[in-house]
Amino acid sequence: MEIPTQLIPLEDTPGEFVINVGPQHPSTHGVLHLRIKLDGEQILDIEPHLGYIHRGIEKISESLQYKQSIYLTSRMDYLSAHMNNQACSLLIEKGLQIEVPERAKTIRLLMIELQRLASHQLWWGSAGLDMGAVSPFFFAFREREQILEIFEETCGTRLTMNYITPGGVMNDLHPTFVKAVKDLIKQFKVNIHEYDKLLTGNIIFQKRTQDVGVLSKELAISLGCTGPVARASGVTCDVRKLHPYDGYEKLDFKEIIMHKGDSYTRYLVRIAEMKQSMHIIDQLIDNIPEGDYRAKIKGIIRLPEGEYYQRVETARGELGVYVVSNGNKTPYRMKYRTPNFSNLGALQYIAKGSKIGDLVAIMATLDLIIPDIDR
Amino acid sequence: MSKEELKAYLELTFPTCKIEETIDFPVLIVEKEQLFATAFQLKETPATQFDFLFCQTAVDYTTRFEVVYHLTSTTYRHDLVLKVRFDDRDHAEVESVYNIWKAAELYENEIFDLFGIRFLNHPNLRRIMLGNDWPGYPLRKDYTDENILIP
Amino acid sequence: MISMIGFKEITVWIDQTLNGMLSPGLALTSELLIIGLSMIMLVVLMAVAMIYMERKVAGFMQLRLGPMRVGLWGSMQAFADVLKLLLKECLTPNGADKMLFSLAPFIVLVVSFLALAPFSFAPGLQLWDLNIGVLYVSAVSSIGVIGILMAGWSSNNKYSLLGAMRSGAQIVSYELSAGLSIIAIVIMCGSLSIHDIILSQADGWWIFKGHLPAMFAFVVFVIASTAELNRAPFDLAEAEQELTAGFHTEYSGMQFAMFFLAEYTNMFIVSMIGATVFLGGWMPFHIYGFEDFNNIMGYIPSFVWFFGKTFFILFLIMWFRWTFPRMRIDQLLKLEWKYLLPLSIINIVVAAFITIMGWHF
Chain L
124 MEIPTQLIPL
134 EDTPGEFVIN
144 VGPQHPSTHG
154 VLHLRIKLDG
164 EQILDIEPHL
174 GYIHRGIEKI
184 SESLQYKQSI
194 YLTSRMDYLS
204 AHMNNQACSL
214 LIEKGLQIEV
224 PERAKTIRLL
234 MIELQRLASH
244 QLWWGSAGLD
254 MGAVSPFFFA
264 FREREQILEI
274 FEETCGTRLT
284 MNYITPGGVM
294 NDLHPTFVKA
304 VKDLIKQFKV
314 NIHEYDKLLT
324 GNIIFQKRTQ
334 DVGVLSKELA
344 ISLGCTGPVA
354 RASGVTCDVR
364 KLHPYDGYEK
374 LDFKEIIMHK
384 GDSYTRYLVR
394 IAEMKQSMHI
404 IDQLIDNIPE
414 GDYRAKIKGI
424 IRLPEGEYYQ
434 RVETARGELG
444 VYVVSNGNKT
454 PYRMKYRTPN
464 FSNLGALQYI
474 AKGSKIGDLV
484 AIMATLDLII
494 PDIDR
Chain H
1102 MSKEELKAYL
1112 ELTFPTCKIE
1122 ETIDFPVLIV
1132 EKEQLFATAF
1142 QLKETPATQF
1152 DFLFCQTAVD
1162 YTTRFEVVYH
1172 LTSTTYRHDL
1182 VLKVRFDDRD
1192 HAEVESVYNI
1202 WKAAELYENE
1212 IFDLFGIRFL
1222 NHPNLRRIML
1232 GNDWPGYPLR
1242 KDYTDENILI
1252 P
Chain Z
73 MISMIGFKEI
83 TVWIDQTLNG
93 MLSPGLALTS
103 ELLIIGLSMI
113 MLVVLMAVAM
123 IYMERKVAGF
133 MQLRLGPMRV
143 GLWGSMQAFA
153 DVLKLLLKEC
163 LTPNGADKML
173 FSLAPFIVLV
183 VSFLALAPFS
193 FAPGLQLWDL
203 NIGVLYVSAV
213 SSIGVIGILM
223 AGWSSNNKYS
233 LLGAMRSGAQ
243 IVSYELSAGL
253 SIIAIVIMCG
263 SLSIHDIILS
273 QADGWWIFKG
283 HLPAMFAFVV
293 FVIASTAELN
303 RAPFDLAEAE
313 QELTAGFHTE
323 YSGMQFAMFF
333 LAEYTNMFIV
343 SMIGATVFLG
353 GWMPFHIYGF
363 EDFNNIMGYI
373 PSFVWFFGKT
383 FFILFLIMWF
393 RWTFPRMRID
403 QLLKLEWKYL
413 LPLSIINIVV
423 AAFITIMGWH
433 F
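If you read the sequences in order, they're chains L, H and Z.
Position in the first sequence (first residue = 1) + 123 = our numbering.
Position in the second sequence (first residue = 1) + 1101 = our numbering.
Position in the third sequence (first residue = 1) + 72 = our numbering.
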């Protein structure tokens, strides 16, 4: 039986109008191809076409050793590279029953929260850019640039860090790390009020995002959405609170839950998460324990036979790594449950019935990273 | 319910199915024919309420396929793994759980695309990532490709 | 006073020498040529200045420096851009209506130049002292819509047509509010002639003399003019982030440069109207009754006052672009028809009432 790749036909039927958004797009979030059926300005149906950046990471992982496939994970959701590495590392530590030293755990958490800040900053800048306000983009990169410089000093690179590794972290902290982070947080706390005034309080921005793309709580749960998208609809799903790892249980931070579910609420949730991240960094930065930065681990890792699942909270939701091992050097099956894949499912349901202008607002606040969807 | 309590409950409620456990979750293995009914029961029963499907994937053990569902409950916060095993590799067909969890739509499209397992009663089954004319199903263990990058 | 001498005598001297040297018909033609060339020079200079100003203002508002390499602090950047556009190929798309496609940029540009005629840059330096100056400018700038619609239609491109229709709807709607806000001042002044409006502000600018209705009219004028110009926050018709890419997608090279120049000329015209009608034109800042203060203010040349006010309004319009996100088309039209237009009408009634009762300064 012939199964078509698209249900929306190529020719226009009378009264309806089919257009393509992407894969090359000026306000590009990545290479996502949407076929949209329109009736004038209103959207009738959306069909996403993926695969433009499908690199076969899962298939390749079956031929690579565990430590080698960690390098591929940074390239999935590259804005949450540390979290992706952490997911694999935690899974291996769980399988081999390795105890990570306290210093390594604290360093990991600091890097994770800095990465979350950087990711939300880039999201904020491009949300403003999509809405037509060009200036927030530059302001957002001011902070992000500083965070990336901190990463470069300690981890060696700016984007795909591969710093968090099974057993701990790759290198010890750079001597200027603590001071640089303290200066950054001090400046950030002042700047975030500027950002609130520029975009959050702007009546035009509010009018374009309020009551646009409402995702109800039942739909969010049914679709498997996680992260700020689900938290804005009232679903409690922060992995840092539900299944804490690496010392999150000792920290004091709030999980941001709001109930309205529209684009403006998703925006507010992420702004509030930035403030919580700063609060976490404040608690950690002065109390980095001394000790080893990495536990001893064998050269070639063989996980005992069985299945493993590890979840972490990336900037966009719950990332899950599912490994089926049969005792060899390489995994038998390695599956990544990526948050953007489920959040993409939400797009089809919440964009129906809204206008094209609203589609931009919805995509800006859903914050999709396409390499994460395609893997 | 904790992992042990859940295992006990499952042994009571589904006496015909196999119950195993991994390091994280209890595992319930059902037959293909009872998949939809079991999944529906797991979602609707007030004691379990598994309303969140957070991962659905397939594994190719060379003689058989296994479709794996990871479920959790937003009210009780307990997790479960549901598995379906079948041997038919040429006409692999399973019932879709889209009508229970909408998340299954994209997951099942991906599994169909990469493994070739068809899902019955799926609203829009299509090859979502690879094109319509891609030969074969890459994630199967017997997939051959002339351009092997990593032997 | 330095401010009050100079231009009238220069123009009279030129007129007399030409009439003395040549026959009357030839003198008239050469005068027209001089005027035409000087207007074009002015527009070109202003365009260069505005392009540079826009990029520098944008840069400074976004925590960066803007163009810095071409010339001293990037001042030659505009020339580099114009040179690039001159050297590009002017493509005509395959199924386009060739005549309309080539004609559209000309219409838009010519209309912008036409509207420059009645403005007064300094006492005595006015091209054409029309007794309905304000009405003339308003009417002529409406013709520009035809050029935009022509451009969108003849491009043979779904998205250009959509963009041109949106743009046309927007401009036609906001013309009403812009016109009504100027009429509020015209009511208080009593004349449509630009010269009279400026002279009536000798004891204070209308924005201060006319207090409430004038200030409200100024705000409405700035908003409506930004919408007329298709600039942010009203630039949905040429938004890159949305699907339609605007009515001038298919244009390249010099034709695109003409649309570009027409937009900047329109910005200049709109700022000039604002400066003339609300902020006093070339009148220095006088306060009624403070003669010494007024005399000191008079030392600054009047064309400096005029261009200073124009650049102030230009700066306001540019400031908006880099601050606000853009509005959706239905929100944009709703703003005009449901809010700005009724309020402008009420404003006119209030202004008329105040004029009759003599409650303005």
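All C-beta atoms, glycine included, are put in the ideal place defined by N, C-alpha and C.
Here the structure is a predicted model, which is why all the values come from computation and not from measurement.
By the Cβ neighbour-count rule, Val313 of chain L is exposed, with fewer than 16 other Cβ atoms within 10 Å of its own.
Under the DSSP assignment, Arg456 of chain L falls in the beta strand (DSSP E) whose first and last residues are 456 to 460. Contact annotation, Val1185 of chain H with Phe1126 of chain H: C-beta distance approximately 16 Å; criterion of less than 8 Å not satisfied.
Neighbours of Gly468 of chain L in chain H, taken as residues whose beta carbon is under 8 Å from its own, are Lys1203, Ala1204, Glu1206, Leu1207 in chain order. Listed in chain order, the positions of the stretch 1134 to 1161 of chain H with a beta carbon within less than 8 Å of a beta carbon of chain L are Asp1152, Phe1153, Leu1154, Phe1155, Cys1156, Thr1158, Val1160, Asp1161. Within the stretch 347 to 402 of chain Z, the complete alpha helix (DSSP H) segments at least 4 residues long are 363 to 369, 374 to 393, listed from N- to C-terminus. By a beta-carbon distance limit of 8 Å, Gly350 of chain L does not contact Arg267 of chain L. Their separation comes to about 19 Å. The straight-line gap separating the alpha-carbon atoms of Thr337 of chain Z and Met111 of chain Z is approximately 11 Å. Here Asn143 of chain L is bridged, per DSSP, to L:Arg158. For Met222 of chain Z, no chain L residue has a C-beta closer than 8 Å to its own C-beta; the minimum C-beta separation is roughly 23 Å. For Phe1187 of chain H, the closest C-alpha among the options H:Lys1133, H:Thr1114, H:Thr1123, H:Glu1247 is that of H:Lys1133. At a Cβ-Cβ threshold of 9 Å, Phe1151 of chain H and Gly347 of chain L do not count as neighbours. Nearest to Ile220 of chain Z by C-alpha distance, out of Z:Lys381, Z:Glu335, Z:Gly361, is Z:Glu335. Per the C-alpha coordinates, the member of Z:Phe357, Z:Trp394, Z:Gly224 positioned closest to Gly318 of chain Z is Z:Gly224. Of the residues L:His177, L:Glu170, L:Val447, L:Gly153, the one whose Cα lies closest to the Cα of Ile142 of chain L is L:Glu170. Secondary structure note for Gln406 of chain L: its alpha helix (DSSP H) is the uninterrupted segment 386 to 408.
A straight line joining the alpha-carbon of Ser339 of chain L with that of Ser356 of chain L spans about 6 Å. Thr1117 of chain H is outside the set of residues whose beta carbon lies under 9 Å from a beta carbon in chain L. For chain Z, the residues of the stretch 309 to 342 of chain L that bring a beta carbon within less than 8 Å of one of its beta carbons are Leu321, Leu322, Asn325, Ile327, Phe328, Lys330, Arg331, in chain order. Proximity of Val1195 of chain H to chain L, defined by a Cβ-Cβ separation below 9 Å, is not satisfied. Interface annotation, Cys211 of chain L: not in contact with chain H, CB-CB separation never under 9 Å.
Its chain contains Leu195, Arg498 as the residues whose beta carbon lies nearer than 6 Å to that of Ile180 of chain L, once the 5 sequence neighbours on both sides are disregarded; these appear in chain order.
Neighbours of Ile344 of chain L across chain H, judged by C-beta separation under 8 Å: Asp1152, Phe1153, Thr1175. DSSP links Pro1127 of chain H through a beta bridge to H:Glu1122. For Ser245 of chain Z, the enclosing alpha helix (DSSP H) starts and ends at 230 to 261.
Contact between Val447 of chain L and Gln433 of chain L does not hold, since the beta-carbon distance rounds to 13 Å and is not under 8 Å. Taking the C-beta atoms as reference points, Val301 of chain L is found nearer than 9 Å to Ile408 of chain L.
DSSP places Tyr318 of chain L within a helical segment (H, G or I) once states are collapsed to three. Taking the C-beta atoms as reference points, Asp481 of chain L is found nearer than 9 Å to Gly336 of chain L. Of all alpha-carbon atoms in Z:Gly92, Z:Leu137, Z:Ala329, the one lying nearest the alpha-carbon of Leu157 of chain Z is that of Z:Ala329.
Contact of Leu135 of chain Z with chain L by beta-carbon distance below 8 Å involves Phe261, Phe262, Arg265. Counting C-beta pairs with one atom in each stretch, the stretch 406 to 416 of chain Z and the stretch 320 to 329 of chain Z have fewer than three that are closer than 8 Å, which means they do not touch. Taken in chain order, the whole alpha helix (DSSP H) runs of length 4 or more contained in the stretch 255 to 299 of chain Z are 266 to 271, 278 to 281. Distance between Asn1210 of chain H and Leu1240 of chain H, taken at the CA atoms: about 14 Å.
With the rule of 3 Cβ pairs closer than 8 Å, the stretch 255 to 263 of chain Z does not count as touching the stretch 377 to 388 of chain Z. Taking the Cβ atoms as the reference, Ala1204 of chain H lies roughly 22 Å from Ser477 of chain L, outside the contact range of under 8 Å.
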